[in-house]
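Protein sequences, first through last, are from chains A and B.
Going by my numbering, the letters in the first sequence line up with residues 14 to 443, in that order.
Going by my numbering, the letters in the second sequence line up with residues 1322 to 1584, in that order.
The C-beta atom is built at its ideal place from N, Cα and C for all residues, glycine as well.
Note that this is a predicted model, so its numbers are computed, not measured.
Structure first, commentary second.
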Amino acid sequence: MEFLPDLLDPNARWVMLGVMAICASSATIGSLTLLRKQALVGDAISHSILPGVCLAFLIFETKAFWVLLPGAFVSGWISLRFIDWISQNSRIKSDTAIALVLSIFYGLGILMLTSIQHSGNAAQSGLDKFLFGKAAALMEQDGYTFLVFGAFVFLFVSLLYRPLRLLIFDRDFALTTGFPVFALELLLSVFTVSAIAMGIQAVGVVLMAALLISPGIAAKYWTSDFRVMLFTSAILGASGGFLGAGISLIWPKMPTGPWIVLILSLIALISAFLGTRKGVLRQYWMHKQNQIKILEENILKCFYHLGEPDASYEQKRSREEIQARRHFPPSRLNMGLKRLGRKGLLASQGGGACSLTEQGIQEARRIIRVHRLWEIYISKYMHLASDHVHEDAEAIEHIITPELEKELEHQLEYPIKDPHDQNIPYAPKK
Amino acid sequence: MVENVENPVLELHNVTVAYQRKPVLWNIDLTAPSGKLIGVIGPNGSGKTTMIKGILGLVPLSSGYVKLFDQNLDAVRQKVSYVPQRGSVDWDFPASVWDVVMMGRANPKNIWGRYTPEDWDIVERCLAEVNMEGFRKRQISELSGGQQQRVFLARALAQEADLYLMDEPFVGVDAATERAIVKLLKNMRAQGKTILVVHHDLQTVSEYFDWLVLLNTRLVASGPLAKVFQTDLLYETYGGKLNILSKVGDLIQARQHPMRESS
Chain A
14 MEFLPDLLDP NARWVMLGVM AICASSATIG SLTLLRKQAL VGDAISHSIL PGVCLAFLIF
74 ETKAFWVLLP GAFVSGWISL RFIDWISQNS RIKSDTAIAL VLSIFYGLGI LMLTSIQHSG
134 NAAQSGLDKF LFGKAAALME QDGYTFLVFG AFVFLFVSLL YRPLRLLIFD RDFALTTGFP
194 VFALELLLSV FTVSAIAMGI QAVGVVLMAA LLISPGIAAK YWTSDFRVML FTSAILGASG
254 GFLGAGISLI WPKMPTGPWI VLILSLIALI SAFLGTRKGV LRQYWMHKQN QIKILEENIL
314 KCFYHLGEPD ASYEQKRSRE EIQARRHFPP SRLNMGLKRL GRKGLLASQG GGACSLTEQG
374 IQEARRIIRV HRLWEIYISK YMHLASDHVH EDAEAIEHII TPELEKELEH QLEYPIKDPH
434 DQNIPYAPKK
Chain B
1322 MVENVENPVL ELHNVTVAYQ RKPVLWNIDL TAPSGKLIGV IGPNGSGKTT MIKGILGLVP
1382 LSSGYVKLFD QNLDAVRQKV SYVPQRGSVD WDFPASVWDV VMMGRANPKN IWGRYTPEDW
1442 DIVERCLAEV NMEGFRKRQI SELSGGQQQR VFLARALAQE ADLYLMDEPF VGVDAATERA
1502 IVKLLKNMRA QGKTILVVHH DLQTVSEYFD WLVLLNTRLV ASGPLAKVFQ TDLLYETYGG
1562 KLNILSKVGD LIQARQHPMR ESS
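Okay, here's the thing in structure tokens:
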């Protein structure tokens, strides 16, 4: 437990808070770039910051934060302007422009970094932390800067979320209303480049893009509200920063960036799986619910079909009779009968046999009616042969709502027979 | 056939728009009357959308000027409303129907300000006018094409403008929505609003509009429905007679030739 004093020392605490603030800011700003479909631009800016950092070091021969930061900002800004300029003034498409700027700037940066490292300048050691980030190398003052920047981002987003939402959702419309679109975009670009220029201290240029976009991706699986999404991604970013920086402070040999990014990617992955909005698990659950509904309705239909020849719908039916009419896997049949019993649509008659209740007959009649109406509808309007309509109706009968059913009845003018010359069972008139 | 009007709500004077030097709109000169339902008709790529964007200052004009209510756009922005093509935005954006319609109440002079109770009432009323009042909390990604279009219309209504510019509002909507929109547009006209609609379905033109603009890169005709909706003019718009024009356009682009001798 010898690392605990480390975490409690005030320097480490401020660094930790600062990293959390910068991660939260980057995640918030990153979510905005994600919604603007500019995730790749963020990646290009991050990589393009390296030559600026190296150049600032070469000129001033110091690793001081306040010297390297302007270098990082300027170089990131130039790369952003380059991307815009190339895609507007040449035949090169924006994705190509992004790739071009990213690789040229990054190549230049690596070249400069390598030559600095072999120059024998003692002050250079540690400059490579910009590649993968190292929280342990940060100072208390850096933490303050990050916190102040975090406060600015918070103010920016919370005061201007409505104009930002308007701008990102529908830029042309925003322009026509006379909104200061260009000023907003400029402000947004300044925040983006600043967030990246500071964020690379924690995660490094290579992995910065993941810090920008993965919290936003994760948040999108939980919410469909703009504000909640930005807030959620900030919280996720901060937690990633906390865990990543914590690991790196406890074991100083561990790089901070990769840990933060690994944790955030894991959160994004889990969100894609568990998310309440379009998450895999939710889709699986809905699929299961559909399967159960289909099973129940098919069993009810089976009872109805068995009773149809002599209108003996209340008659009890054994499992063998049911299975002879339509095959169900025995365990599924058991489950379906139990569920229908609980819903009061079937009554148990002993010995495994069941019969339809009054309510059950109504429901079975409804399903059969919808099935046959649908058969008429598609044979009439899609000109399908009558022997082709049954399969289609088998699936559709389970999703027709009462409103659609009424519309079908109305449009088909209450038909009596389906294409197979079977009766359409309407509810008895009261 | 270009008929001009007194006190036009919209005037285009010698307007040319070019994309990478290729002219998409060529010397358009027209005036449009107020209180009418105006249809802008022409084949694909004839510059219909570009004309709307040019009027709204969304694309730079290579020459000419646009006047709205006899003034420059900046002076009358509050009186002009734009309904973009439905496909021009990402409907998976995290926003609700309410959020989008409220965008119509966004006031550039007060970007920090909160919405007033009046704004809320207006949004509520506009949702009702397009029969979407039950959908206010619905996530926009869960809407059908017709519902998305209704949301866009409600947002435009919330702007309470006098001139509406709509880009293909009938594309990809169901028949019921199309009927509802037409009814709404006629109501708006009855209240004295001017509505300019980019449209491509010739079948419905005479039923929907009372003023027509026929466009095929250059202006073919502009005037009252009865005078403009004529076989020869339609043939001129849609037929192949304008091939030479488009060939010249291609040449201008290929050789980077100036549109004006002086430029």
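List, in chain order, every chain B residue whose beta-carbon is nearer than 9 Å to that of LYS233/A.
Ordered by position in chain B, the residues that pass the 9 Å Cβ test against LYS233/A are ASP1413 and PRO1415.
Express the C-alpha separation of HIS384/A and ALA360/A in angstroms, rounding to a whole number.
One C-alpha to the other measures close to 24 Å.
ILE312/A and GLY349/A - do their beta-carbons sit closer together than 8 Å?
Yes, they are a contact pair.
From the beta carbon of GLY31/A, is the nearest beta carbon of chain B less than 8 Å away?
With 8 Å as the cut-off, GLY31/A does not count as an interface residue toward chain B.
Where do the N-terminal and C-terminal ends of the alpha helix (DSSP H) with ASP97/A fall, by residue?
Note, ASP97/A: alpha helix (DSSP H), 78-102.
In three-state DSSP terms, what is THR1437/B?
It is coil, neither helix nor strand.
Determine which residues share a DSSP beta bridge with HIS1334/B and list them.
HIS1334/B is bridged to TYR1386/B.
Skipping 5 residues on each side, what residues in its chain have a beta carbon closer than 8 Å to that of PRO432/A?
Closer than 8 Å at the Cβ level, and outside the excluded window around PRO432/A, lie GLU388, ILE389, SER392, SER399 and VAL402.
Report yes or no: is there a C-beta of chain A within less than 8 Å of the C-beta of GLU1332/B?
Taking Cβ atoms only, chain A never reaches closer than 8 Å to GLU1332/B, which makes this a no.
Which residues in the same chain as GLY139/A place their Cβ atom closer than 7 Å to its Cβ, once the five residues preceding and following it in sequence are excluded?
LYS76 and ALA150.
Which residues in chain A sit within 8 Å of LEU1379/B, going by Cβ to Cβ distance?
Under the 8 Å cutoff, chain A gives ASP185, LEU188 and THR189.
At a Cβ threshold of 8 Å, is VAL1444/B touching chain A?
False, the Cβ-Cβ gap to chain A never drops below 8 Å.
Going straight from the alpha carbon of SER1402/B to that of MET242/A, what length do you get?
Their Cα atoms are separated by approximately 29 Å.
Take GLU198/A and list the residues in its own chain whose beta-carbon comes closer than 8 Å to its own, dropping the five residues that flank it on each side.
Closer than 8 Å at Cβ, skipping near neighbours: LEU180.
Would you say the stretch 1537-1549 of chain B touches the stretch 1513-1525 of chain B, given that touching needs at least three Cβ pairs under 8 Å?
Verdict: no, contact absent.
Rounded to whole angstroms, what's the CA-CA distance from ARG184/A to SER171/A? Just pull it up for me.
Going by the C-alpha atoms only, they are around 20 Å apart.
Quick check: THR236/A and ARG290/A, are their CB atoms within less than 8 Å of each other?
Yes, the pair counts as a contact, with Cβ atoms nearer than the cut-off.
Given this structure, state the Cα-to-Cα distance separating MET14/A from MET267/A, to the nearest angstrom.
Because MET14/A sits at a pLDDT of 41, beneath the cut-off of 50, its placement in the model cannot be relied upon, and the following sentence gives the value as read from the coordinates. C-alpha separation (whole angstroms): 18 Å.
Which residues, in chain order, does the stretch 281-304 of chain A contribute to contact with chain B at a C-beta distance below 7 Å?
Flagged: no residues at all.
State buried or exposed for LYS1507/B, treating a residue as buried only when at least 16 other CB atoms are found within 10 Å of its CB.
Exposed: under 16 other Cβ atoms inside 10 Å.
Using three-state DSSP, classify TYR1559/B as helix, strand or coil.
Helix at TYR1559/B.
Counting contacts by CB-CB distance shorter than 8 Å, is ILE1432/B in contact with chain A?
For ILE1432/B, the answer is yes, since a Cβ of chain A falls inside 8 Å of its Cβ.
Under the DSSP definition of a beta bridge, which residues are partnered with GLN1460/B?
Paired residues: SER1417/B.
State yes or no: is the C-beta of VAL1326/B within less than 8 Å of the C-beta of PHE1390/B?
Not closer than 8 Å, so no.
Using a threshold of 7 Å, is the CB atom of GLU422/A nearer than that to any non-hydrogen atom of the ligand PLP?
Summarising the ligand content, the structure contains no ligands, and the ligand PLP is consequently not present.
Say whether chain A places a C-beta atom closer than 8 Å to the C-beta of ALA1427/B.
With 8 Å as the cut-off, ALA1427/B counts as an interface residue toward chain A.
Are the C-beta of LEU172/A and some C-beta of chain B separated by less than 8 Å?
Closer than 8 Å to some Cβ of chain B, the Cβ of LEU172/A qualifies, so yes.
In or out: GLU74/A buried (at least 16 other Cβ within 10 Å) or exposed?
Answer is exposed; the Cβ neighbour count stays below 16.
Quick one: Cα of LYS306/A to Cα of GLU407/A, how far?
Going by the C-alpha atoms only, they are around 13 Å apart.
Quick one: residues in its chain with C-beta nearer than 6 Å to the C-beta of LEU1486/B, no 5 flanking neighbours on either side, listed in chain order?
ILE1373, TYR1403 and LEU1517, listed in sequence order.
Pop quiz: PHE1491/B and ASP1522/B are said to be a contact at Cβ under 8 Å. What is the actual Cβ separation, rounded to whole angstroms?
PHE1491/B to ASP1522/B, Cβ: 7 Å. Contact.
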